[in-house]
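Peer 1: Take 0 as the starting number for the sequence shown in numbering that gives the first Met the number 0 and just add one per residue.
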Amino acid sequence: MRKFTLFILAFFLVVGTYGIASADVHDGQRIFKRYCVKCHGADGSVSKQGRGLNPPARDLRTNRLFLAPAQLRSIIKYGLYGREMKAWQGILSDKDIIDVAAFVRTLTYEPSIEAGKKFYKGNCAACHASTGAVKKLFVAPDLDMSPLGRTGMARVAREGRHGTMMKPKRDMFKNADLADAIEYLQSIKK
């Protein structure tokens, strides 16, 4: 049984990383410019048309914080239900999808601690600051003492916490605003 388990783990490790090493970022950029710029903008920060969608297109510069590489490839391939992000599997080959995802992973966003502080105080502090107005009512944790790193905080902010008052915020706030708030919280951790 142990050998079988190790074989399965090794198999999925190899299969799960297939295509990542062979990704062509330059081809991905070419494909991105052809198909994705219309909604996501040339730098991934969302175009005017993308901001007009309901809900708006995602800021792809923050993708490293919010999405694992496999999630990104899956979104490109299958689209997102309830959003304007359509499935590209019938238009792009699997190799094209890998290349586009590799290019998107090169896009970057530099979070602003000052903007994060302002966003946190206006949207999060009521529940999560030690002196928050409704903290005792919801028993929310002090985020300046959270053991979570950036990706852990990002996951909770976007997906929420099951069984708590912390509901998903993925459609309430922009990724860049959440990235700024997370950077602020990382800067003040106790």
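Idealized CB from N, CA, C, for every residue including glycine.
Below 8 Å CB to CB, which residues in the same chain sit around Gly164 once its five sequence neighbours on both sides are set aside?
Peer 2: As a working note, residue 164 is residue 165 in the sequence shown. A small fix is needed here, since residue 164 is Met in this sequence, not Gly. Same-chain partners within the cutoff: Cys126, Phe137 and Ala139.
Peer 1: Give a yes or no on whether the C-beta atoms belonging to Val133 and Gly27 are separated by under 8 Å.
Peer 2: Here residue 133 corresponds to residue number 134 of the sequence shown, with the count starting at 1. Here residue 27 corresponds to residue number 28 of the sequence shown, with the count starting at 1. Going by C-beta atoms, Val133 is not nearer than 8 Å to Gly27.
Peer 1: Residues in the same chain with beta-carbon distance under 8 Å from Lys188, minus the five sequence neighbours each way, listed in chain order, please.
Peer 2: Against the sequence shown, residue 188 aligns to sequence position 189. Cβ within range, chain order: Asp143, Met144 and Ser145.
Peer 1: For Ala22, is the beta carbon positioned less than 7 Å from some heavy atom of the ligand SAH?
Peer 2: In the structure on display, the ligand SAH does not appear, and there are no ligands present to speak of.
Peer 1: Look at Gly81 and Arg60 and say whether their C-beta atoms are less than 8 Å apart.
Peer 2: If you number the sequence shown from 1, residue 81 lands on position 82. If you number the sequence shown from 1, residue 60 lands on position 61. Contact flag unset, no.
Peer 1: Using 8 Å as the threshold, is the C-beta distance between Glu83 and Ala56 below it?
Peer 2: As a position in the sequence shown, residue 83 is number 84, starting the count at 1. As a position in the sequence shown, residue 56 is number 57, starting the count at 1. A contact, by the Cβ cut-off of 8 Å.
Peer 1: Kindly indicate which three-state DSSP category Ala128 falls into: helix, strand or coil?
Peer 2: Along the sequence shown, read from residue 1 onward, the residue named residue 128 stands at position 129. Coil.
Peer 1: For my contact list, Gly115 and Ala124 are in at a C-beta cut-off of 8 Å; report their separation, rounded to the angstrom.
Peer 2: Stepping through the sequence shown from its first residue, residue 115 is reached at position 116. Stepping through the sequence shown from its first residue, residue 124 is reached at position 125. Actually they do not touch by this definition, with Cβ atoms about 12 Å apart.
Peer 1: Determine the direct distance from the alpha carbon of Ile112 to that of Leu91, and round the result to whole angstroms.
Peer 2: Counting from 1 along the sequence shown, the entry for residue 91 is found at position 92. Counting from 1 along the sequence shown, the entry for residue 112 is found at position 113. Whole-angstrom Cα-Cα distance: 38 Å.
Peer 1: How is the alpha helix (DSSP H) around Leu64 delimited, first residue to last?
Peer 2: Taking the sequence shown and counting its residues from 1, the one referred to as residue 64 is at position 65. Segment Asn62 to Phe65, the alpha helix (DSSP H) holding Leu64.
Peer 1: Considering Cα atoms alone, identify which of Gly89, Asn53 and Met152 is closest to Asp170.
Peer 2: The residue given as residue 170 occupies position 171 in the sequence shown. Selected option, being the one with the closest Cα: Asn53.
Peer 1: Assign His161 to one of three DSSP states: helix, strand, or coil.
Peer 2: Stepping through the sequence shown from its first residue, residue 161 is reached at position 162. Three-state result, His161: coil.
Peer 1: Within 10 angstroms of its Cβ, does Glu182 collect 16 or more other Cβ (buried), or is it exposed?
Peer 2: Position 183 of the sequence shown holds residue 182. Buried, since its Cβ has 16 or more Cβ neighbours within 10 Å.
Peer 1: Only counting the same chain, and skipping five residues up and downstream in sequence, which positions put a Cβ closer than 7 Å to that of Lys173?
Peer 2: Within the sequence shown, the letter at position 174 stands for residue 173. Cβ within range, chain order: Asp58.
Peer 1: Out of Ser21, Val36, Ser186 and Leu177, which one is the CA nearest neighbour of Leu106?
Peer 2: In the sequence shown, the residue the question calls residue 106 occupies position 107. When only C-alpha atoms are compared, the closest one is Val36.
Peer 1: Decide if Ala69 is buried, meaning its Cβ has at least 16 other Cβ atoms within 10 Å, or exposed.
Peer 2: Counting from 1 along the sequence shown, the entry for residue 69 is found at position 70. With fewer than 16 other Cβ atoms within 10 Å, it is exposed.
Peer 1: What residues in its chain sit with their C-beta under 8 Å from that of Arg50, if we drop five residues either side in the sequence?
Peer 2: As a first step, residue 50 is located in the sequence shown; it is residue number 51 there, counting from the start. Closer than 8 Å at the Cβ level, and outside the excluded window around Arg50, lie Ala56.
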